[in-house]
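Sequence positions in the sequence shown follow full-length UniProt numbering and run 1 to 963.
Backbone N, C-alpha and C fix where the C-beta goes; we use that ideal spot for every residue, glycine too.
Quantities reported herein were computed from a predicted structural model and do not represent experimental measurements.
First comes the structure, then the notes that go with it.
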Amino acid sequence: MLRKKTNGVARRPQGASILRDAAHKSVDRRTFLKGSGVAAGGLAAITATGGSVTRAEAQTSDNAVQLVKSVCTHCSVGCTVIAEVSNGVWVGQEPGWDSPFNLGSHCAKGAAVREHAHGERRLKYPMKKEGGEWKRISWDEAINEIGDKMLEIRAESGPDSVYWLGSAKHNNEQAYLFRKFAAYWGTNNVDHQARICHSTTVAGVANTWGYGAMTNSYNDIHKSKAIFIIGGNPAEAHPVSLLHVLRAKEQNNAPLIVCDPRFTRTAAHADEYVRFRPGTDVALIWGILWHIFENGWEDKEFIRTRVWGMDQIREEVAKWSPDEVERVTGTPESQLKRVARTLANNRPGTVIWCMGGTQHTNGNNNTRAYCILQLALGNMGTSGGGTNIFRGHDNVQGATDLGVLSHTLPGYYGLSAGAWGHWARVWDEDPDWLKSQFATVTGADGKEKNLMNLTGIPVSRWIDGVLEDPANTDQPNKVRAMVLWGHAPNSQTRMTEMKTAMEQLDTLVVIDPYPTVSAVLHDRTDGVYLLPACTQFETRGSVTASNRSLQWRDKVVEPLFESLPDHVIMAKFANKFGWADRLFRNIEMEDDETPNIEDITREFNRGLWTIGYTGQSPERIKAHMANQHTFDRTTLQAVGGPNDGEYYGMPWPCWGTPEMKHPGTPNLYDMSKPVAEGGLCFRARFGVERDGDNLLADGVSNPGAEIQDGYPEFTMQMLMDLGWDGDLTDEERSAIEAVAGPKTNWKTDLSGGIQRVAIKHGCAPFGNAKARAVVWTFPDPVPLHREPLYTNRRDLVADYPTYEDRKFYRLPTLYASIQKQDFSKDYPIILTSGRLVEYEGGGDETRSNPWLAELQQDMFVEINPRDANNLGVRDGAQVWVEGPEGGKVRVMAMVTERVGEGVAFMPFHFGGHYQGEDLRSKYPKGADPYVLGESTNTAQTYGYDSVTQMQETKATLCKISAA
Numbered sequence: 001m002l003r004k005k006t007n008g009v010a011r012r013p014q015g016a017s018i019l020r021d022a023a024h025k026s027v028d029r030r031t032f033l034k035g036s037g038v039a040a041g042g043l044a045a046i047t048a049t050g051g052s053v054t055r056a057e058a059q060t061s062d063n064a065v066q067l068v069k070s071v072c073t074h075c076s077v078g079c080t081v082i083a084e085v086s087n088g089v090w091v092g093q094e095p096g097w098d099s100p101f102n103l104g105s106h107c108a109k110g111a112a113v114r115e116h117a118h119g120e121r122r123l124k125y126p127m128k129k130e131g132g133e134w135k136r137i138s139w140d141e142a143i144n145e146i147g148d149k150m151l152e153i154r155a156e157s158g159p160d161s162v163y164w165l166g167s168a169k170h171n172n173e174q175a176y177l178f179r180k181f182a183a184y185w186g187t188n189n190v191d192h193q194a195r196i197c198h199s200t201t202v203a204g205v206a207n208t209w210g211y212g213a214m215t216n217s218y219n220d221i222h223k224s225k226a227i228f229i230i231g232g233n234p235a236e237a238h239p240v241s242l243l244h245v246l247r248a249k250e251q252n253n254a255p256l257i258v259c260d261p262r263f264t265r266t267a268a269h270a271d272e273y274v275r276f277r278p279g280t281d282v283a284l285i286w287g288i289l290w291h292i293f294e295n296g297w298e299d300k301e302f303i304r305t306r307v308w309g310m311d312q313i314r315e316e317v318a319k320w321s322p323d324e325v326e327r328v329t330g331t332p333e334s335q336l337k338r339v340a341r342t343l344a345n346n347r348p349g350t351v352i353w354c355m356g357g358t359q360h361t362n363g364n365n366n367t368r369a370y371c372i373l374q375l376a377l378g379n380m381g382t383s384g385g386g387t388n389i390f391r392g393h394d395n396v397q398g399a400t401d402l403g404v405l406s407h408t409l410p411g412y413y414g415l416s417a418g419a420w421g422h423w424a425r426v427w428d429e430d431p432d433w434l435k436s437q438f439a440t441v442t443g444a445d446g447k448e449k450n451l452m453n454l455t456g457i458p459v460s461r462w463i464d465g466v467l468e469d470p471a472n473t474d475q476p477n478k479v480r481a482m483v484l485w486g487h488a489p490n491s492q493t494r495m496t497e498m499k500t501a502m503e504q505l506d507t508l509v510v511i512d513p514y515p516t517v518s519a520v521l522h523d524r525t526d527g528v529y530l531l532p533a534c535t536q537f538e539t540r541g542s543v544t545a546s547n548r549s550l551q552w553r554d555k556v557v558e559p560l561f562e563s564l565p566d567h568v569i570m571a572k573f574a575n576k577f578g579w580a581d582r583l584f585r586n587i588e589m590e591d592d593e594t595p596n597i598e599d600i601t602r603e604f605n606r607g608l609w610t611i612g613y614t615g616q617s618p619e620r621i622k623a624h625m626a627n628q629h630t631f632d633r634t635t636l637q638a639v640g641g642p643n644d645g646e647y648y649g650m651p652w653p654c655w656g657t658p659e660m661k662h663p664g665t666p667n668l669y670d671m672s673k674p675v676a677e678g679g680l681c682f683r684a685r686f687g688v689e690r691d692g693d694n695l696l697a698d699g700v701s702n703p704g705a706e707i708q709d710g711y712p713e714f715t716m717q718m719l720m721d722l723g724w725d726g727d728l729t730d731e732e733r734s735a736i737e738a739v740a741g742p743k744t745n746w747k748t749d750l751s752g753g754i755q756r757v758a759i760k761h762g763c764a765p766f767g768n769a770k771a772r773a774v775v776w777t778f779p780d781p782v783p784l785h786r787e788p789l790y791t792n793r794r795d796l797v798a799d800y801p802t803y804e805d806r807k808f809y810r811l812p813t814l815y816a817s818i819q820k821q822d823f824s825k826d827y828p829i830i831l832t833s834g835r836l837v838e839y840e841g842g843g844d845e846t847r848s849n850p851w852l853a854e855l856q857q858d859m860f861v862e863i864n865p866r867d868a869n870n871l872g873v874r875d876g877a878q879v880w881v882e883g884p885e886g887g888k889v890r891v892m893a894m895v896t897e898r899v900g901e902g903v904a905f906m907p908f909h910f911g912g913h914y915q916g917e918d919l920r921s922k923y924p925k926g927a928d929p930y931v932l933g934e935s936t937n938t939a940q941t942y943g944y945d946s947v948t949q950m951q952e953t954k955a956t957l958c959k960i961s962a963a
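The following block contains the structure:
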């Protein structure tokens, strides 16, 4: 049982031991741990002032101890946390032993989440900056002042001049309400962290086979015969997930192949470590596929029946002979042939990737190439196979599904008139009133367009919404107010320009349990507000793990200090803006400003038919949490008990209404199971024909399907043509008629009748099609290697150029105009970034946690020994790392062979220093994180994916010099 006895303030110079300074003891770490009964290498750390770890045993106390089940907030594995609460105080915690995800395990961050909630460094009350000083204010003052200013900006410059930036830290209900809130304000200038971590995954994967999510699960990896990880470091980023990987490695003798420019802690477990040049993922995958095609190792029958466009892939792959692959990637032919043979001989195998593959100007090409590798091997729709995309934040999957994005409404419905019409019906809202909330813009064709149907500015580019001349943008005026709600700005690139943008805003509002770098990066003296949101342990609601399972967090403690739950803060603003009655018309209010969480769940259950967030009622999710012990640890299926046959968390799609009792879909596109039992085929979302070719599956379907071939997505007309419409109830038929009669499809039928009837006849509501290896709607229909904008391989630019400059997501976006400039002579080292095991995201929460802050107190850059010696840099010395756009950081050098020659690595969790300046004095008193450091993104540069505007953080250039 983790139990913290005291909680003193740790204030010390950078690099000093928190433990030693705070406890005022001269004792080394090993001695302290030994004396506390903790073995070296055990739980994360001891607290700043003499806390200890005690055995989990029965407690003798007059006060009853309540056990509350929650979910860890520090990555997307979804580990269960058992909180011990006494008299309303969270006094201890254990990992959830019954959870099929963590099985009694925690990583360092998970073991320290009690401190996350109880931390002294939290924002305790609303504050504003006035005359350069932080001033305490009341919630009423804050809402009124901020609200008045926003309404003034709205009246002068339109609703799009206020940017509402949401969060992957919101639970599903808060995320959904946030997107609905932005719609009622009248803007699509709303987004969250998924834009800068996995938007290229969502786009690439969804446009290959239908849904943009992890296809299998951590647990399903137990059945993998080979594991291929590229651009991911789960040993540090998602440590508990590695337990599932290692289980397959050990019990199946599954070879583990890790492809990464850096020798990571994950690579240390690999049977085959493949080092390659950052930014050359497509070339690497094509190099592997070259050997697969050359030797006939592809799954020909799978391709024939379930894949479209592989012939065009073959043509591109044929250009990537082994010598060309080595020229571009640096990886030798012999190794890639060995990898190809290993994957071919050990099927099913799974492919795992993370942000190392996504955060590139070429990111959507990377993710599609990974998918195509699995299609070629026939590893899709099978247990032990799939693409297991490990997400980062605890609810980044859910917040994405619930539509906290600038290009879509909840459920990936898009922004068309039909999409808005659907959600207006769900909300019982007048569509004309909704439309009137939005501004209009005159298009290039001279026609007036309503901005409700146009994509907003993505979070990766919000600074350009402030700095760019409105004449060059597709919105009437600049962004004048920025609301950073649960977002760390140091996780974004171009921080020197971000500082300027923050200073040009009329108003900057930060809503977070902890002050983020937003509080100190700028030199503003006024117009900044800090509002204390409570943590997810002080509220309740559902959260979606990376594998698509929904879990329920119960409230551990009441909100601490003057913090408020996010949905309560939204309600306060809605009341101020005058449309709370409309926003909450279908949601009961527990008091004047507390929307009922379960009612919000039920509202999105009414509308999220596209991805099957309709069958998981609050009652069903809570029942799974209560009966975790009944679910199989590999299949995730309940064996007996009250949830017999259901899959843990009802991973979406969980079709139909809760009354249908669909079990959830454990592995997407698995044709070995009936649809009613969690099986699926590839989605028919791209039409039925292309260039004269049939896009539907060829002669294959799920067991029990009455259509034993490919078929399009279901509509009422299709039910009528098949003679199945007689299976509809009168209520279902009436609901369908109210939408569009025979034209109503499975996505817009609010009764769920079309889905129910299709599944009754064994069919998937979304049709049965082939996956498409060629995405004709993307800039590169066939994935191509393109050199990074800031490349040191000028010899490759002519052969593999980037895109021409273009405009999308309302903003001009630069490509060729940057790449044509040669920065490589002055900035010869490739700069990449990534995660550490100790910290998460921008690090504000975890660097404010003394348990974790003790473990890593210095921001650093990894430098190869040859580079360090050539630069005259010693291990532990201070160095400057400078990017070609002028941003520079002063950090500690770590001389290591983890990185290859010519490559440098920095973690992205640090903040509070800026270009050599310590900003600690700019934080509100008592709210500064224990550990500060430079942000790697101060030295990072421009660069955005051609489809999603994902930022480039993995392949820019820098120069390093002694400080």
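Whole-angstrom Cβ separation of residue i and residue j, contact assumed at under 8 angstroms?
i, j, result
"residue 1011", "His74", "The question about residue 1011 has no answer here: the residues shown for the chain are numbered 1 through 963."
"Val274", "Val258", "7 angstroms"
"Ala927", "Pro515", "5 angstroms"
"Leu855", "Glu838", "4 angstroms"
Along the chain, where does the beta strand (DSSP E) that runs through residue i open and close?
i, result
"Pro907", "903-907"
"Met127", "127-130"
"Lys807", "806-808"
"Phe860", "860-863"
"Arg890", "888-895"
Spatial neighbours of residue i within its chain, please: C-beta separation below 7 angstroms, excluding the five flanking residues on both sides.
i, result
"Ala669", "The sequence shown places Tyr at residue 669, rather than the Ala named in the question. Same-chain partners within the cutoff: Trp209, Thr215, Met380, Gly381, Leu680, Cys681, Phe682."
"Pro458", "Asp191, Arg195, Ser406, Tyr809, Gln949"
"Gly158", "Ala439, Pro476, Asn477"
"Arg368", "Gly204, Thr208, Val775, Pro783"
Return the chain-ordered list of same chain residues with a C-beta closer than 6 angstroms to the C-beta of residue i, the five sequence neighbours on each side being excluded.
i, result
"His567", "Gln174, Leu177, Pro595"
"Gly612", "Trp652, Pro653, Cys654, Trp655"
"Val77", "Phe101, His238, Val240, Ser241"
"Asp28", "Reliability of the predicted coordinates at Asp28 is poor, the pLDDT of 42 falling under 50, and the value obtained from them is presented with this limitation in mind. Around Asp28: no qualifying Cβ."
"Gly378", "Asp299, Phe302"
"Glu732", "Ser751, Gly753"
"Ile463", "Glu497, Met498, Ala501"
Excluding the 5 residues flanking residue i on each side, which residues of the same chain have their C-beta closer than 8 angstroms to its C-beta?
i, result
"Pro278", "Pro261, Pro788, Ile830, Thr832, Val903, Lys954, Ala955"
"Tyr413", "Gly403, Ala419, His422, Trp423, Thr610, Lys747"
Assuming residue i is part of the alpha helix (DSSP H), what are its boundary residues?
i, result
"Ala376", "363-377"
"Val873", "Counting along the chain, Val873 falls outside any alpha helix (DSSP H), and DSSP gives it neither H nor E."
"Pro431", "431-436"
"Pro618", "618-626"
"Thr329", "322-329"
"Met589", "Met589 -> not in any alpha helix (DSSP H); beta strand (DSSP E) instead, spanning 589-591."
Check your understanding: Do the segment 785-797 and the segment 690-698 meet, that is, are 3 or more Cβ pairs less than 8 angstroms apart?
Key -> As far as the Cβ criterion goes, the segment 785-797 does not touch the segment 690-698, which means the pair count is below three.
**Study point:** Start-end ranges of the alpha helix (DSSP H) lying completely within the segment 199-232, minimum 4 residues
**Key:** 199-209
Review point. Between the segment 364-384 and the segment 404-419, do at least 3 Cβ pairs fall closer than 8 angstroms?
Key: Taking a cut-off of 8 angstroms for Cβ pairs, the segment 364-384 and the segment 404-419 do not touch, as fewer than three such pairs fall below it.
**Study point:** Stretch-stretch touch, CB-based, cutoff 8 angstroms, three pairs: the segment 576-591 with the segment 547-555
**Key:** Counting C-beta pairs with one atom in each stretch, the segment 576-591 and the segment 547-555 have fewer than three that are closer than 8 angstroms, which means they do not touch.
Check your understanding: If you scan the segment 678-742 from start to end, which runs of the alpha helix (DSSP H) of 4 or more residues do you find wholly inside it?
Key -> Taken in chain order, the complete alpha helix (DSSP H) segments of 4 or more residues contained in the segment 678-742 are 716-722, 730-739.
Point to revise | Minimum length 3: unbroken beta strand (DSSP E) runs contained in the segment 241-279 | key: With a minimum length of 3 residues, the continuous beta strand (DSSP E) runs that stay inside the segment 241-279 are 256-259, 272-274.
Exercise for review: Pair every Cβ in the segment 322-336 with every Cβ in the segment 732-748, then say whether three or more of these pairs are closer than 8 angstroms.
Suggested key: no
Review point. Counting Cβ pairs closer than 8 angstroms, one from the segment 475-486 and one from the segment 509-527, do we hit at least three?
Key: yes
Practice item. Report yes or no: do three or more beta-carbon pairs, one from the segment 243-254 and one from the segment 305-315, lie closer than 8 angstroms? Key: The answer is no - the segment 305-315 does not touch the segment 243-254, with fewer than three Cβ pairs under 8 angstroms.
**Study point:** Three or more C-beta pairs below 8 angstroms linking the segment 905-918 and the segment 934-943
**Key:** yes
Point to revise | Uninterrupted beta strand (DSSP E) stretches inside the segment 502-581 (no shorter than 3 residues) | key: 507-512, 528-532, 541-544, 550-553
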